[in-house]
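Written below as structure tokens is the structure these notes are about.
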Amino acid sequence: MIDVFTPTNKVLMSASYLNPNPTFPTLRIVPVEKLVPHERCDTARTLSLEARLIADGVLRNPPIVASLQDTEGDYVVLDGANRTNALKTMRVPHILVQVASPGESGFDLTTWNQVVLGISPEELLALLGGIPDINLKIDKRPGLIPDRMGISSVIQVHLPTGEIYTAYAQASDRLSRVQLLNFIMDRIGKSARLDRTHLQSIDILTGLHPDLAGLIVFPCLKIEEVIQMAKARQMIPAGITRFTISPRALRVNYRICDLRAEGSLAEKNALLLAWIQERIARKGVRSYDETTVMFDE
-5 MIDVFTPTNK VLMSASYLNP NPTFPTLRIV PVEKLVPHER CDTARTLSLE
45 ARLIADGVLR NPPIVASLQD TEGDYVVLDG ANRTNALKTM RVPHILVQVA
95 SPGESGFDLT TWNQVVLGIS PEELLALLGG IPDINLKIDK RPGLIPDRMG
145 ISSVIQVHLP TGEIYTAYAQ ASDRLSRVQL LNFIMDRIGK SARLDRTHLQ
195 SIDILTGLHP DLAGLIVFPC LKIEEVIQMA KARQMIPAGI TRFTISPRAL
245 RVNYRICDLR AEGSLAEKNA LLLAWIQERI ARKGVRSYDE TTVMFDE
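Under our numbering, the first residue of the sequence shown is numbered -5, with each subsequent residue one higher.
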């Protein structure tokens, strides 16, 4: 563990939110209405988060956003869709976010895989086989699907038996593929439990879950693709994208009453800057270089 700030390593933040120090995340307060989701929200998760936000009175971890580079000044929410939706439901006008820029060092996108539980592998295949807009083919190639959302495959299904099936979309345009992906995951979600995982081997999962039906693997995505889909308001299912950014602002615990209070956006960002400087002066900000495992989430 190291101090982020020392007398020779001060953070300089201007009114234009420039952040020349790569060891400090870019934090900003923006209008909630300017945030555009790239994935669908989980209603149950949103309600749970809303209750927690009301009880705690603070926003612990700011959502990660990136500019849509449009004339409206919108941002795409890359991580934190349910938190954002909860604050919208609470009618909080402004929100604290961490701003990321595509191409910057430490900003990356991978995809989660989804574990299907509670039904049999045969039932899982039957659910997919009943969808008229896909071709389900057994895949004899080892490994994971390499192509992207704009190509032919929509998902790949790894069964406990070792068989691998790939679902190919009949439509060629991206919108149809996104709609089909949402339909597939909705259909499976109504009959089975879904749990996201970074594991890529179904062999490990077989020993962990006696009711394992299969492992769903999604095509790779690029950050630019996600931004373009958000611009077009084409939302993908929740639990697919996994955005990582370093440094990441966590446990900020910014008061919701300050986000809800009267005042202009400029005034609130000035208060945010003063708050950050006060936290720095009290040595209340720490950076961990090592991999950190937290037990109080």
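The C-beta atom is built at its ideal place from N, Cα and C for all residues, glycine as well.
For residue j and residue i, the rounded distance between their alpha carbons
i	j	result
isoleucine 113	methionine 229	27 Å
glycine 154	isoleucine 196	Note that residue 154 corresponds to proline in the displayed sequence, not to glycine. Their backbone Cα atoms lie some 6 Å apart in a straight line.
leucine 199	leucine 206	8 Å
glycine 124	arginine 34	23 Å
leucine 193	glycine 257	46 Å
histidine 152	phenylalanine 212	11 Å
glutamate 27	glutamate 117	41 Å
proline 25	glycine 67	10 Å
glutamine 63	valine 148	28 Å
leucine 119	lysine 131	11 Å
leucine 81	phenylalanine 237	21 Å
proline 126	lysine 216	28 Å
alanine 268	leucine 259	14 Å
proline 241	aspartate 283	9 Å
leucine 266	arginine 254	13 Å
8 Å contact criterion, which residue i and residue j should meet: CB distance rounded
i	j	result
isoleucine 270	valine 86	Their Cβ separation, rounded to whole angstroms, is 20 Å, which puts isoleucine 270 and valine 86 out of contact at 8 Å.
leucine 103	threonine 235	6 Å
leucine 21	alanine 243	6 Å
leucine 43	arginine 77	6 Å
Exposure of residue i, with buried meaning 16 or more beta-carbon neighbours within 10 Å
i	result
isoleucine 23	buried
serine 99	exposed
glutamine 108	buried
valine 287	exposed
asparagine 247	exposed
glutamate 272	exposed
isoleucine 48	exposed
leucine 202	exposed
alanine 94	buried
arginine 280	exposed
phenylalanine 289	exposed
asparagine 129	exposed
Alpha helix (DSSP H) segment containing residue i, residue limits
i	result
glycine 123	115 to 123
alanine 75	75 to 83
arginine 54	From DSSP, arginine 54 is part of no alpha helix (DSSP H); its letter is neither H nor E.
leucine 188	Where leucine 188 is concerned, there is no enclosing alpha helix (DSSP H), although the beta strand (DSSP E) it sits in stretches over 187 to 191.
N-terminal and C-terminal residue of the beta strand (DSSP E) that residue i is part of
i	result
aspartate 197	Run containing aspartate 197: none in the beta strand (DSSP E); it sits in the alpha helix (DSSP H), 196 to 202.
isoleucine 128	128 to 132
arginine 273	Note, arginine 273: premise wrong, no beta strand (DSSP E); alpha helix (DSSP H) at 259 to 275.
serine 99	Note, serine 99: premise wrong, no beta strand (DSSP E); not H, not E.
alanine 255	Premise fails: alanine 255 is in no beta strand (DSSP E) and is neither H nor E.
valine 24	21 to 25
Check: Counting pairs of beta carbons, one from the region 57 to 71 and one from the region 164 to 184, are three or more of them closer than 8 Å?
Finding: no
Note to self: Does the structure place the region 78 to 98 close enough to the region 174 to 182 that three or more beta carbon pairs sit under 8 Å?
What the structure shows: no
Next item on the list: Could you say if the region 48 to 58 and the region 171 to 178 meet the contact criterion of at least three C-beta pairs nearer than 8 Å?
Entry: no
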